[in-house]
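First residue of the sequence shown: 1, per the numbering used here; consecutive thereafter. The beta-carbon is built from N, C-alpha and C at its ideal position, and this holds for glycine as well. One structure below.
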Amino acid sequence: MASIEDVVNRQKEGAQFVLSGAMMGLAPDEFDIVAKLWVKGGGNGFRVIGTPHRRCIDGEFFIDRVTVIKDSALRREEIPRE
């Protein structure tokens, strides 16, 4: 599975692209949590544009993909792992 950093780094500045839970190997409920955070504050090097796509599973709606635009102004430095 692709990491979010891999996907974002392959894009040119200002490019629009789609991020999905399936692309990152996340369950619908897991992707929904991170997608809601991205909608509110953007991600690491990108921001959400448009309306997130939702999927209904057992009567509950989950965000399953978002359209984003690469924005390097939102890039955060990675914290080194020891």
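Pairwise C-alpha distance: residue j and residue i
| i | j | result |
| --- | --- | --- |
| ALA15 | ARG47 | 11 Å |
| ASP6 | ASP58 | 32 Å |
| PRO28 | VAL39 | 16 Å |
| ILE49 | ALA22 | 19 Å |
| GLY42 | LEU74 | 7 Å |
| GLU30 | LEU37 | 11 Å |
Under 7 Å between C-beta atoms of residue i and residue j
| i | j | result |
| --- | --- | --- |
| VAL18 | THR51 | no |
| SER72 | GLY45 | yes |
8 Å CB neighbourhood of residue i in its chain, flanking five on each side removed
| i | result |
| --- | --- |
| LEU26 | VAL34 |
Residue i in three-state terms, based on DSSP
| i | result |
| --- | --- |
| GLY45 | coil |
| SER3 | coil |
| LYS12 | coil |
| ASP64 | strand |
| GLY50 | strand |
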